[in-house]
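To keep things clear, I will list the structure first and then write my remarks on it.
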Amino acid sequence: MSDRRDAKKIMDECISQCMDFVDDCHAKCSENASECMEECSEFPGAYSDQCEEICNDNKNACDHICDEFADKCTDICSKTH
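By this note's numbering, the letter at position 80 of the sequence shown is numbered 209, and the numbering carries on one by one without gaps.
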């Protein structure tokens with residue numbers, strides 16, 4: 130019986146670590162987007178707007194990758210533990 134509880138505990142711990150990684154992933158996306166926006170502010174007018182659009186697109190793509198990884202946490206943990 131305790132083996133099963135241990136396995137669940139290990140699995141829960143793995144998923145928790147995986148979700149921490151996902152949180153870090155999203156934080157990195159936001160950090161990169163902020164840096165990108167700062168660089169955009171150096172461009173004049175329409176260039177700046179276009180630059181910011183690219184930053185937002187990149188952030189959305191980055192966040193999507195993090196979310197894809199989050200969806201796989203249970204799978205990853207069940208295969209490794």
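Glycine included, each C-beta is placed from N, C-alpha and C at the ideal position.
Note that the structure is a prediction, hence the values are computed from the model and not measured.
Counting of Cβ neighbours within 10 angstroms places Lys157 among the exposed residues, the total staying below 16. Across the structure, Cys154 and Lys201 are spaced so that their CA atoms are roughly 14 Å apart. Straight-line spacing of the CA atoms in Ser177 and His193 works out to 24 Å. Look at Glu171 here: in three-state DSSP terms it is coil, with no helix or strand label. Closest in C-alpha terms to Ser163, from the list Cys143, Cys147, Glu182, comes Glu182. Spanning the alpha carbons of Met148 and Cys191 requires a straight line of approximately 16 Å. Remark: C-beta atoms of Met166 and Cys184 approach each other more closely than 8 Å.
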